[in-house]
Structure formats: C-alpha cells, structure tokens
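Protein chains: 2
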Amino acid sequence: MSKLFVDACFGKETPYTPVWMMRQAGRYLPEYMAVRAEAGNFLNLCHDPKKAAEVTIQPLDIVGVDAAILFSDILVIPDEMGMDLSFVKGEGPRFSDPITNEADLDRLIGAEAAASKLTYVYDTIALLRQQLDARDDDIALIGFTGAPWTLATYMIEGQGTKTYNICKKMMYSNPKLLHKILAKVTDVVKRYMEKQIQSGVDVVQIFDSWAAAIEPELYDEFSWQYMVEIAEYLKEKYPHIPVIMFPKGIPAFLDRVYGNFDVFGVDWSTPMELAKEKLGAKYVLQGNMEPCRLYSQEKTTEAIKHIHNVMGGKRHIFNLGHGILPDVPVDNAIHFVRECQRISKH
Amino acid sequence: MSKLFVDACFGKETPYTPVWMMRQAGRYLPEYMAVRAEAGNFLNLCHDPKKAAEVTIQPLDIVGVDAAILFSDILVIPDEMGMDLSFVKGEGPRFSDPITNEADLDRLIGAEAAASKLTYVYDTIALLRQQLDARDDDIALIGFTGAPWTLATYMIEGQGTKTYNICKKMMYSNPKLLHKILAKVTDVVKRYMEKQIQSGVDVVQIFDSWAAAIEPELYDEFSWQYMVEIAEYLKEKYPHIPVIMFPKGIPAFLDRVYGNFDVFGVDWSTPMELAKEKLGAKYVLQGNMEPCRLYSQEKTTEAIKHIHNVMGGKRHIFNLGHGILPDVPVDNAIHFVRECQRISKH
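Below, the structure is given as structure tokens:
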C-alpha cells in the first residue's frame, strides 16, 4: 500500500496535503509527560523501545497527524560513539568530555561499530512498524538524524551554546580538525540511517537545527555537503525512501541548495513564497507555520490559509516551521492539524 | 569640520572606508575590564558618566576605530520608565516586574518624563563631546537605542529568552496590548534619541537585536514601523544627523525594508551581495564580517577583501555583523581595523 505521506514526499497528488508537527511527541501532551515520568528521565525514554514507541504513536491518536516520527534524540549518536551524554535538568544536554583535539576524536568509535550500538532505536522502529501495520490507517513512519554539523556543535562545545564560539574558533583556526569530526560523524550517520530504513522507517529527515550558526559563505563547506553525502548515499541504495532535508534558518542563500533528495523543510523564518520561488520546482516543500501561532486558533487558521494559497495545494507537506512548544494547548494542536487537512482537501 | 564617518553615512566619498565594531567597548579589552571592576558592576558603569566616557574612548586609542559608540545599555530605558532592572551574574538582565497586562504598563512613566531621567547618559555624551573635540583626530560619536520590539521582549519576558514564548503569546492572542507597549516605548525612545542628539552625538543607531524573533509576515507590524517612526521623527528635526538601522537577521525580506534613514546595518547572516542588490541603491550599507572570524587574522583579511570587493569601496562602512566576543585577542581586533583601513584606501 502506498502511503499518503510518502506520495506527497514524491510530489504525487494526494486527496489533501498531509500534515505532521516537529516535536509532535512532546511535552505539550500530558500523555507524553506521563510516560516520561514512568521512564524516569528523557534518556531512559529514548533507550526504552516500548515506551519510545508508545509516545511516537500518541500524536496520531490524540492530534490526528498523517505521519509518525520516531521518538528519539539526535545526541544518541555521539553518545554511542563513546561520548558521555547526560541531561541536566532545566539546562539541556551535556557531554562531560567535549572534543578538543584529534586524540579526543580518535578515541571515538566510527561508522558500523557505532551505528550497531543503537539497537534500542532499531528495536523501537521494528515495534512501531508492527503497530503501524496493524492499524487501519495509512500512517508513514519518519526516521531521523541530526546533521553532522549540528551534532558536532554539541560534541565540541559539550553542551548547547548561544555563540558557538568554541566551534567557530575551530572552524576558522583549525578547519581540518572540524572536517575530520564531520567526516567521522557523517560515516556513522550514513550507517545509522541505513539501519533505520532496514528496521522499517518509510521516510527519513535530516535536521540541521543549527544551520544558521554558520555564515552563508561557509555553510556548504561545513554542513550542507555532508548532509548531501548522507542523502545521496541513501537515495542510491533506497530510492523508494524519501529524504527530507531541514536546514533551519538559511533563507539568505536558498539559491545554493543542491543535491539528490526529495523534500526541503522550510523553517518559519523563510517566507513560503521565497522557498517556492527558489526551490519549489526542484523539491517538495514542507512547512512552515511559526509554531507560536499555535497560541491562537484564529491566527493558526490565518497562516494555514496563507501557506496553502502560496503552495496551491501542490508539492507541499504541512508542518510547523520549528518544534511545537511545551505550553501550547493540545486543542490548538488538534485545530492546526484538522485545519490543514480541511483547507487543503480537494 | 565634517567627520569622515558622518560623510560615509551620507554616502559621500571618503579617503578610505571607515570602520568600527559593535561592542568595541567591551570585555575583550583588559582596560575595559579594569574600569568595570572599579565600577563594581555593569549597571554602575552605565550610570557613571566619567567611567562610561572612559570606556567609550578606549577602543579609539587601543584598536584605532573611526567612530566611538556611547557606552551604555539598551535596558536603561525600561529601567527609567519605572521597571526594576538588575543584572544577574552569568545570566544577564532581569526585570523583577515584567509587563503582563495594561495596568502594569500604565504604571510606567512615558515619553518626556522617562527620557528626562536618563541624565547620566546625556552627561556621558556631553563629557565625550568635550573629550572628542579636544582630540586632533576626526572621530564621530554614535548614540544608540534598542528598537521598541527588542526592548519590549525584555519588558514582557522579564529577561532574555530563547523562545520568546511570552511575547509571542501576546503577539498572537493580545496584539493590542503589545502595540500599546511598543507605542509607549517608541515615544520614550524618540525623546531619548533627541536628547542624545542635543547632548552631542553625531550619528544614531537603532539596534533591533531580536528582529529575527518575529515571523517575516509580521515584522513590519510589530517592529519595523516603530523603528521607522523614530527614524523619521529624528530625520525631520535633525536632517544632518545620520540614522543607522540594524535589524539583526532579516535576510529573507530585505525587499520590505523602507523608510527615511541613511545607513542599513547588515548582520553576518545576510550575504553582502544580497544586501547590496536589495538595498545598496537606497541606503549606505554597514557591515558585515562574521565576528568569529576575529579568531583568525588570515580569515579576517579574507573576509575584508571579499566584502570590499562586493561593495567596491562605495557607500559602505566596515563593521562586524554582530558584537565582538569577549575571548577575541585584542591583536586580532587591531588587525581587523587596520586591514579594513588599508584594503579600502584609495
């Protein structure tokens, strides 16, 4: 059975424009909070296939989205490469041993060895595959990864950062080391995504959440080329699996986007008109309602109509332009999903 | 005497392209840290005209920039409107009494009454005017303010924010209150900038540091129109004073920039080529080296050459595309300034 969402990723006509939300399995859902509390903490939840599958499915039933996205975290990759990941309450992820030199990098395991350790992710996917196949709806399962650059920022800074100054110092004074890190992560991600596909995902998305931290002149060199390498590796072996690229915050140089993939994720800082003009002929576009519009049902409907008018109901997937925030009322998330489906219905 | 920097702001030909750096009076300078330590804390330093003037002058002598920018903080405005500002060490500014409703706003004093309280700023400017006039160089003094939107984010959130979710909730569900706040701040800023001019600044810059927090569709409504209102108020009364607008991070919709002002500040996320194409005919452009390039002298020179080539030495002021970071070596800042002056020399 061909799935609505997969068809849309390939630009085929669908009865309506499918919709999902970044972070749809997240803190705005009391049901998610309950499972997370049972798990004890966020990382435990990622490591527990049964619970991870449960929260992955929740938004399908509660919010009515057209695709499920694997519940996991992008930082499980460096964690399994040998770094020491923890989550500090209220402060986010921490690595106690950031990479400062080649020796730090050489201590990490690469490619197949690292990707093989992420068994809890593949187990989650296998479980989801069974559960989704047993349903009478038509829901696609999206696997994902962080882009090598986004992962590297945490591996180098040891935590989230506002200024990226440690990464930037490396970028401008020791670019060779940064490239070595990016290449090693890229090799792990290729194998990781391949194993996600073999375990049963229908679509994959590569999140470059910190794309906007790189100056336009250097974005291809330090991030995009690695994302394209991953996408093209997957497209060659698994052409039936759509690849979605989501580099957040690069409206200034959409002209420079290239590569073999299917869907370009448009963040909310990029007007849909601009994305359509620059990329709409080459790629299906996904996005891009400003997630804070979810605070108002009226402003949500207004934005959906605008985006739908720009895209004309073609070569488009509805989504937010960034993750849903924890304090959004569930009813407003439901309203968003229903309105996307209603307004785009042929 | 007409100043090199003022000439450049008006697009006149100058012997070389003048240069200054955002945050040039800042933590990367040991001499600044010494004065700040004497003052006790950051806010005391803002309140002490003698010390504030001293740190304003420091980068002229140490780094060799072509313009001085008043040392102050954008948040002295809401502080003098009646909010309670403090700086929490390592965490940044705090207001203990954020605005949540009309009554909170009505308690604040407006326009002339608030602007009159900022005497320490005007005293600093008057002192600087004397000191600069006594020098045999040709240094312009830049006054500044935060844009109403940027100020409002702190007044509403009570502190810096990653998600702006309290402001956004207001923007989408109670836009009337947000406009009321913005209008009140705008009235104070108009009078504040006017008094800065009367005290002796040669140029003014309006910083919209959090411009990128607003979706493109709404940027004019919630920020730009207020900035233009301030600029046009000043240009009408003081046409000889150049106005610089710096909305950080709006490369996606430069087409929508309008208004009577002189210089558009280009942040580093916006390629200079794009800014020139969209705005170069209407405004002089200021910027835009990625400040982290200051970690490497080689990469600094490379960027300066690129920017200079794009602008062709015309209708341009060199600057960073955002503030200089505290861990930049002073020698590299000196290198930046000298290279801008050397490379652009006729």
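Here the protein sequences line up with chains R and U, keeping their order.
Under my numbering, residues 1 to 346 are what the first sequence spells out, in order.
Under my numbering, residues 1001 to 1346 are what the second sequence spells out, in order.
Positions of the beta carbon are idealized from the N, C-alpha and C atoms, including for glycine.
For residue i, decide whether its Cβ has a neighbour in chain R, counting only Cβ atoms nearer than 7 Å.
i: residue 1309 of chain U; result: no
i: residue 1215 of chain U; result: yes
i: residue 1075 of chain U; result: no
i: residue 1299 of chain U; result: yes
i: residue 1221 of chain U; result: no
i: residue 1105 of chain U; result: no
Under a CB-based cut-off of 7 Å, is residue i close to chain U?
i: residue 293 of chain R; result: yes
i: residue 285 of chain R; result: no
Counting only Cβ pairs nearer than 9 Å, list the residues of chain U close to residue i.
i: residue 271 of chain R; result: 1215, 1216, 1217, 1252 and 1253
i: residue 274 of chain R; result: 1216, 1252 and 1253
Find the residues of chain R that neighbour residue i, judging by a C-beta separation of less than 7 Å, and give them in chain order.
i: residue 1296 of chain U; result: 172 and 173
i: residue 1290 of chain U; result: 215
Regarding residue i and the ligand ZN, is the C-beta to nearest heavy atom distance less than 6 Å?
i: residue 1230 of chain U; result: No copy of the ligand ZN appears in this structure; indeed no ligand is present at all.
Tell me residue i's beta-bridge partners as DSSP assigns them.
i: residue 1093 of chain U; result: U:1087
i: residue 208 of chain R; result: R:247
i: residue 1067 of chain U; result: U:1140
i: residue 1159 of chain U; result: U:1094
i: residue 1289 of chain U; result: U:1320
i: residue 1264 of chain U; result: U:1245 and U:1285
i: residue 19 of chain R; result: R:318
i: residue 1145 of chain U; result: U:1206
Below 8 Å on C-beta distance, what does residue i contact in chain R?
i: residue 1268 of chain U; result: 215
Identify the contact partners of residue i in chain R, using a Cβ-Cβ distance below 9 Å as the criterion.
i: residue 1212 of chain U; result: 212, 249 and 269
Would a check of beta-carbon distances place residue i closer than 7 Å to chain C?
i: residue 84 of chain R; result: In the structure shown, chain C cannot be found, because the protein chains are R and U.
Point to revise | Chain-ordered residues of the segment 166–184 of chain R with a beta carbon less than 8 Å from chain U | key: 168, 169, 171, 172 and 173
Check your understanding: If you measure beta-carbon to beta-carbon, which residues of the segment 1112–1124 of chain U are closer than 8 Å to chain R?
Key -> none
Practice item. Note down, in chain order, all residues in the segment 135–169 of chain R with a beta-carbon under 8 Å from any beta-carbon belonging to chain U. Key: 163, 164, 165, 168 and 169
Practice item. Using a Cβ-Cβ cut-off of less than 7 Å, list which residues of the segment 315–330 of chain R approach chain U; keep chain order. Key: 325 and 327
**Study point:** Sufficient close CB pairs (3 or more, under 8 Å) joining the segment 1204–1213 of chain U to the segment 1247–1254 of chain U
**Key:** yes
Practice item. Pair every Cβ in the segment 328–345 of chain R with every Cβ in the segment 289–298 of chain R, then say whether three or more of these pairs are closer than 8 Å. Key: yes
Review point. Can at least three beta-carbon pairs, one atom from the segment 1014–1022 of chain U and one from the segment 1310–1324 of chain U, be found at a separation below 8 Å?
Key: yes
Practice item. Check whether the segment 1155–1169 of chain U touches the segment 1091–1102 of chain U, taking contact to mean three or more Cβ pairs, one atom from each stretch, closer than 8 Å. Key: yes
**Study point:** Inter-stretch contact at 8 Å, needing at least 3 Cβ pairs: the segment 64–78 of chain R / the segment 186–203 of chain R
**Key:** yes
Check your understanding: Looking at C-beta atoms only, is the number of pairs between the segment 1253–1263 of chain U and the segment 1169–1183 of chain U that lie closer than 8 Å three or more?
Key -> no
Point to revise | Sufficient close CB pairs (3 or more, under 8 Å) joining the segment 1163–1177 of chain U to the segment 282–292 of chain R | key: yes
Exercise for review: Determine, using beta-carbon pairs with one atom in the segment 1033–1053 of chain U and one in the segment 1300–1316 of chain U, whether at least three such pairs fall under 8 Å.
Suggested key: no
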